[in-house]
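Reading the sequence shown from the start, the letters are residues 1130 to 1398 in the working numbering.
Built from N, CA and C at the ideal position, the CB exists for glycine as well.
First up is the structure itself, then whatever we jot down about it.
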Amino acid sequence: MGFGGYPSIPPLTASRLLPAAKRPQMVIHEGNAVLGQANAFLSRFSPLIATSYAKVARLPENARTTLTGMPVREGIEALFGHVYAPSEDRINLLVWGGSLGARVFSEIVPHALAALPEDFRKRLKVTQQIKADDLERVRAIYENAGIEVEAAPFFTDVPACLKNAHLVIGRAGGSSVAELAMAGLPSILVPLPIAASDEQGANGQALVDAGAAWMIRQPDFTPAALTVLLTDLFSHPEKLENAAKAAHLCARPHAAAKVADLIESALRS
């Protein structure tokens, strides 16, 4: 079983060197809406591909795909069916990106929020993942703007962060998008701009097309642009509620079990 990325290539390729009678079945899982380079290479050895999206670009013609979804942690999957509850008093905004917080969010989001009308700033509670060397600077911006913030390089209880959020700003990696859908949350997505095949752009576009998210490409991700979008969304909370419903419909629960079933089926064939 391969999940993409360069570490999967050596062992799965080596398995093809075994005698035919001892050669194991191979299944690959694609977590993005574009077949990654490693999986594209490995797909020549195995037509069995588990996908996270109904439509995946660059699939080989002979691919036998099974839509399993992206496996997520049990605590995240437990959020499936969680009812989105908009609040007239509090706006809980979750900002995350990368393993320790993408710097672009600490550079753009605080200034965008500081430019919001005072009524929105008073209602905001921001939970933001921030690199350690940015913490003091970012907290000062929020404090001067009168915005409540909980900032840290890492949050251990991600399910709680998602459960309490009304809106998420973040990247559009395969796992992140799956978690947002599982939690039924509206989001503003800023795809990682350096991906060779723009996998995150394709992932984010799937949520946008479903009405579950808004996407801003990083070159266009400015404080002014974000302030305009947030002002509109906070002024029309029904847009967030509708996006939350759409996100819920994008979720693929029980993905891990479906992947396991596919593996067992391959072993029996």
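message = Tell me the DSSP secondary structure of Thr1195 in three-state form.
response = Thr1195: strand per DSSP, three-state reduction.
key: Cβ pair Ala1341, Ala1372 closer than 8 Å   = Yes. Within cutoff.
query = Which class does Glu1217 belong to by DSSP, given the choice of helix, strand or coil?
reply = Correct three-state label for Glu1217: coil.
message = Taking contact to mean 3 or more Cβ pairs, one atom from each stretch, closer than 8 Å, check whether the segment 1246–1264 and the segment 1336–1355 are in contact.
response = Below 8 Å, too few C-beta pairs join the segment 1246–1264 and the segment 1336–1355 to call them touching: fewer than three.
ask   = Nearest to Phe1283 by CA position, among Gly1302, Ile1178, Asp1262 and Ala1301, is which residue?
value = Closest by alpha carbon: Asp1262.
message = Within 10 Å of its beta-carbon, does Leu1378 have 16 or more other beta-carbons around it, so buried, or fewer, so exposed?
response = Leu1378 counts as exposed, since fewer than 16 other C-beta atoms from the protein chains shown sit within 10 angstroms of its C-beta.
ask   = For Met1344, which beta-bridge partners are listed by DSSP?
value = Bridge pairing for Met1344: Leu1318 [DSSP].
ask   = Fully enclosed by the segment 1353–1391, which alpha helix (DSSP H) runs are 4 residues long or longer?
value = Within the segment 1353–1391, the runs of alpha helix (DSSP H) at least 4 residues long that lie entirely inside it are, in chain order, 1366–1379.
request  = Report the partner residues of Gln1257 according to the DSSP bridge assignment.
outcome  = According to DSSP, residue pairing for Gln1257 in a beta bridge involves Val1224 and Ala1280.
ask   = Where does Leu1146 sit, in a helix, a strand or coil, going by DSSP?
value = In the three-state scheme derived from DSSP, where H, G and I count as helix and E and B as strand, Leu1146 is classed as coil.
message = Below 8 Å, how does it come out for the segment 1291–1309 and the segment 1262–1280: are there three or more Cβ pairs, yes or no?
response = They do not touch, by the three-pair rule.
query = In three-state terms, what does DSSP make of Val1123?
reply = With the chain covering only 1130 through 1398, there is no way to say anything about residue 1123.
task = Confirm, please, whether the CB-CB distance from Val1201 to Glu1159 is below 8 Å.
result = Taking 8 Å as the cut-off, the Cβ atoms of Glu1159 and Val1201 do not count as close.
task = May I ask you to report which of helix, strand or coil DSSP gives His1240?
result = His1240 falls in the helix class under three-state DSSP.
ask   = For the putative contact between Leu1196 and Ala1207, defined by C-beta atoms under 8 Å, what is the C-beta separation to the nearest angstrom?
value = Between Ala1207 and Leu1196 the Cβ distance is about 22 Å, and since that is not below 8 Å, they are no contact.
inquiry  = Measuring only the C-alpha atoms, how far is Thr1285 from Lys1254?
reply    = Near 18 Å, if we compare the C-alpha coordinates of Lys1254 and Thr1285.
ask   = Using DSSP with H/G/I as helix, E/B as strand and the rest coil, what is Leu1264?
value = In this structure, Leu1264 counts as helix in the three-state DSSP scheme.
query = Considering only C-alpha positions, which residue in the set Trp1343, Asp1218, Ile1392 and Ala1289 is nearest to Ile1317?
reply = Residue Trp1343 is the option with its Cα nearest to Ile1317.
task = Classify Pro1139 as buried or exposed, calling it buried when 16 or more other Cβ atoms lie within 10 Å of its own Cβ.
result = Counting the other CB atoms within 10 Å of its CB gives Pro1139 a total below 16, which places it among the exposed residues.
ask   = Ends of the beta strand (DSSP E) at Ala1179?
value = Note, Ala1179: beta strand (DSSP E), Leu1177 to Thr1180.
request  = Quick one: give me the first and last residue of the beta strand (DSSP E) that Leu1296 is part of.
outcome  = First-last of the beta strand (DSSP E) with Leu1296: Leu1296 to Gly1299.
task = Report the partner residues of His1211 according to the DSSP bridge assignment.
result = According to DSSP, His1211 shares a beta bridge with no other residue.
Alpha carbon of Leu1164 to alpha carbon of Leu1188, nearest angstrom = Between Leu1164 and Leu1188, the C-alpha separation is close to 6 Å.
task = Answer with buried or exposed for Asn1168, where buried requires no fewer than 16 other C-beta atoms within 10 angstroms of its C-beta.
result = Buried is the call here.
query = What residues match up with Gly1131 in a beta bridge as DSSP calls it?
reply = Among the bridge pairs identified by DSSP, Gly1131 is matched with Ile1157.
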